[in-house]
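These protein sequences, in sequence, are chains A and B. Position 106 of the first sequence, counting from 1, maps to 194 under this note's numbering, and the rest follow consecutively. Position 84 of the second sequence, counting from 1, maps to 187 under this note's numbering, and the rest follow consecutively. We put the beta carbon where it would ideally sit given N, CA and C, even for glycine. Read through the structure below, which is laid out as structure tokens, and then see the notes.
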Amino acid sequence: MLKIVELNSVTKSYHTPLGETKAIDNLTLSINKGEFISIIGPSGCGKSTILSLIAGLIKPSSGEILVFGEKVKGTSQRIGYMLQKDHLFEWRTILRNVYLGLEIQNKLTNENKSYAKHLLDTYGLGEFKNHFPSELSGGMRQRAALIRTLAVKPDILLLDEPFSALDYQTRLSVSDEIGSIIKKENKTAILVSHDIAEAISMADRVVVLTQRPAKIKSIHPINLSIENRTPLKSREAPEFREYFNTIWKELKANE
Amino acid sequence: MNNNNISKEHLEYLNKMKITKTYVKITQIAILIGIILLWEIGARFRWIDPFIFSQPTKILKTAWEMILDGSLFIHTGITLGETVIGFLVSTILGTAIAVLLWWNNFILKVIDPYLVIINSLPKTALAPILIVWMGNNIKSILFTAILMAIVVTTLTVLNGFLEVDKDKIKLIKTFGGNKKDILKKVILPANVPTIINALKVNVGLSLVGVIVGEFLVAQAGLGYLIVYGSQIFKLDWVMLSIVILGILSAILYKGVVILKERFLKWRE
């Protein structure tokens, strides 16, 4: 299989006047094309740092990161990033929010505009194009945020706890929707989460990290005996509980 | 909300609200009329000396005379013009300086203590110096007005810039945006309310600057009328000028509020 993202012995330290904190220690991981990876670990262990490194927002202290076989030197238009909150700009309509990435990348062509509108239509936000974010529910807003990311046609999606700001009900249905959208659009995705069930339900592989500085503790390929797997259906699979318990114990052993 | 189906209780509630509102309005107007009447009667019966306190009918008479010879419009127009220039320039320039400081962290760190000191300094104390430097003319008035508002504008707007959610900036970066994109797409639009609020405050500050400037140098304007009128004991001029100033500041303030509502349609 084609390795799309590779981290080779990556270490990252943060510097403050009070001292140095090692966030990631000698981490090696590769992600295949079309794969959905969940990274899970205790809070504050440096999960988000991994995404920022892959996105090229920060540089590793040592080691190298390859995306499509090329060393990451800065941000890439092939990578889409989804943050914890939707961060829709309240002064822009939904449509203009979705155009944001296209504007920044100077790709606001008619073709890309109609692709963005098509995405909004497909995923049930067509009639809210000209509404302001304050008029949408939390779940709809997060969907709009995903479409904003998809509009620039990235090959890889980085999801930084994108559901954590939602209430539990919404969270279940939005993760189901967004998981299905990502599958349908055939993207490679890396999800960072501290919710074990969410991580398992969406992923092909779950990577468990240790306490800070983060190292890989274990990797679990998720094989569920259900057809037409979606994040919600995954939760009903008989193997789900086993994975949950194993990973939960591993995380607990961290404490 | 279903408008076709208002319950009796809700109707009573709405009525009560309306009645309270009317009473408040009536009382407000009654107070104003009461003060004017008391002033007039007091002056007529010599409870107060109309020579130094003036009186409403005399103020009206003076206003009418000054309308007829056109001088009222000249004085008001000059003060209004100076004030508008003052608050527009101080808001725009203050915002521009805030952008510069946001852009360059080094300059920001260097200049920060100076800004704090200049901000707490009473700017009117500088007016006499400005007159010495710039001469006995309108330039000194405008500079006083701008000086009044520009520092506090810079500080308020800069504060707004620095308070923008870091993740919103990160979002722009994830799309490959540079500092200019961050400024144009997030920092400035997110702070339109801050800038308009600064404008609102600057209306008042700039008016103070203009009046102080006119006290010191002017040959025309409401500030000039107040000082000159008090020197030659034409208290009708002084009182009239103060009344007009009150109306002027209310109109300017309302204007900015309307502007704000126009700009912030999404803030519902």
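Can you check DSSP and say which residues form a bridge with residue i?
i: A:Tyr-308; result: It is His, not Tyr, that sits at residue 308 of chain A in the sequence shown. Answer is A:Val-294, bridged to A:His-308.
i: A:His-103; result: A:Glu-108
i: A:Ser-126; result: A:Leu-279, A:Val-294
i: A:Leu-154; result: A:Glu-94, A:Lys-159
i: A:Leu-196; result: In DSSP, A:Leu-196 forms no bridge with anything.
i: A:Gly-263; result: Per the sequence presented here, residue 263 of chain A reads as Ser, with Gly not at that position. Paired residue(s): none; A:Ser-263 is not in a bridge.
i: A:Leu-245; result: A:Gly-168, A:Ala-277
i: A:Asn-120; result: A:Lys-91
i: A:Leu-115; result: A:Val-98
i: A:Ala-302; result: A:Ile-112
What residues of chain B sit near residue i, judged by a beta carbon separation below 8 Å?
i: A:Val-240; result: Phe-278
i: A:Lys-173; result: Asp-270
Excluding the 5 residues preceding and the 5 following residue i in the sequence, name in chain order all residues of the same chain whose CB lies nearer than 8 Å to its CB.
i: A:Glu-223; result: Phe-216
i: B:Thr-186; result: Ala-248, Val-306, Ser-309, Leu-310, Val-313, Leu-351, Leu-355
i: B:Leu-362; result: Ile-299, Leu-302
i: B:Val-360; result: Lys-303
i: B:Met-104; result: Note that B:Met-104 scores 47 on pLDDT, short of 50, meaning its location in the model is unreliable; the coordinates nonetheless yield the value given after this. If we look at B:Met-104 and ignore the five residues flanking it on each side, it has no Cβ neighbours.
i: B:Ile-210; result: Leu-203, Leu-204
How would you list, in chain order, the residues of chain C whose beta-carbon sits under 9 Å from the beta-carbon of residue i?
i: A:Gln-165; result: Of the chains in the structure shown, none is chain C; the protein chains are A and B.
Once you ignore the five residues that flank residue i on each side, which residues in its own chain have a CB closer than 6 Å to its CB?
i: A:Asp-243; result: Arg-166
i: A:Lys-275; result: Leu-245
i: A:Lys-110; result: Ser-101, Pro-301
i: B:Glu-371; result: The predicted model places B:Glu-371 with a pLDDT of 44, which falls under 50 and marks its position as unreliable; any figure quoted below should be read in that light. Around B:Glu-371: no qualifying Cβ.
i: A:Val-160; result: Gly-144, Ile-153
i: B:Ile-134; result: none
For a contact defined as C-beta to C-beta under 8 Å, what are the partners of residue i on chain A?
i: B:Pro-153; result: The premise fails here: B:Pro-153 is roughly 55 Å from chain A at the closest Cβ pair, so nothing lies under 8 Å.
i: B:Lys-242; result: By Cβ distance, chain A contributes nothing, its closest Cβ being about 38 Å from B:Lys-242, past 8 Å.
Report the neighbours of residue i on chain B: residues whose CB is nearer than 9 Å to its CB, in chain order.
i: A:Tyr-169; result: Lys-273, Leu-274, Lys-276, Thr-277, Phe-278
Interface residues of chain A around residue i at Cβ under 9 Å?
i: B:Pro-292; result: Phe-177, Trp-179, Arg-180
Quick one: what's got a C-beta closer than 7 Å to residue i's C-beta in the same chain, skipping five residues either side?
i: B:Ile-177; result: Ala-323
i: B:Ile-275; result: Asp-284, Ile-285, Lys-288, Val-289
i: B:Gly-253; result: The residue you asked about is not Gly; residue 253 of chain B is Ile in the sequence shown. So the qualifying residues of the chain are Ser-193, Leu-196, Gly-197.
i: A:Leu-196; result: Tyr-187, Leu-190
i: B:Gln-142; result: Going by the sequence as given, residue 142 of chain B is Trp instead of Gln. Here the set comprises Gln-158, Pro-159.
i: B:Leu-258; result: Leu-218, Asn-222
i: B:Thr-297; result: Thr-259, Val-260, Gly-263
i: A:Ile-112; result: Val-98, Thr-99, Lys-100, Gly-134, Thr-137, Ile-138, Pro-301, Ala-302
Taking any Cβ of chain A, which residues in the stretch 256-284 of chain B have a Cβ under 8 Å from it, in chain order?
Asp-268, Asp-270, Lys-271, Lys-273, Leu-274, Ile-275, Lys-276, Thr-277, Phe-278, Gly-279, Gly-280, Asp-284
Short-range partners of chain B found in the stretch 186-206 of chain A, where Cβ spacing is below 9 Å
Leu-188, Gly-189, Leu-190, Glu-191, Ile-192, Gln-193
What residues from the stretch 211-230 of chain B come within 9 Å of chain A, judged by C-beta to C-beta, listed N to C?
none
Are the stretch 122-142 of chain A and the stretch 232-242 of chain A touching, with three or more C-beta to C-beta distances below 8 Å?
no
For the stretch 142-164 of chain A, enumerate the residues whose C-beta is nearer than 8 Å to any C-beta of chain B, in chain order.
Ala-143, Leu-145, Gly-162, Thr-163, Ser-164
If contact means a Cβ-Cβ distance below 8 Å, which residues of the stretch 287-314 of chain B contact chain A?
Taking 8 Å as the Cβ-Cβ cut-off against chain A, the residues of the stretch 287-314 of chain B that qualify are Lys-288, Val-289, Pro-292, Ala-293, Val-295.
If you pair each beta-carbon of the stretch 199-211 of chain A with each one of the stretch 146-159 of chain A, do three or more pairs fall below 8 Å?
no
So, do the stretch 304-312 of chain A and the stretch 289-296 of chain A have three or more beta carbon pairs nearer to each other than 8 Å?
yes
Quick one: any contact between the stretch 312-326 of chain A and the stretch 120-129 of chain B, if contact means 3 or more CB pairs under 8 Å?
Contact annotation: the stretch 312-326 of chain A does not touch the stretch 120-129 of chain B, with fewer than three C-beta pairs closer than 8 Å.
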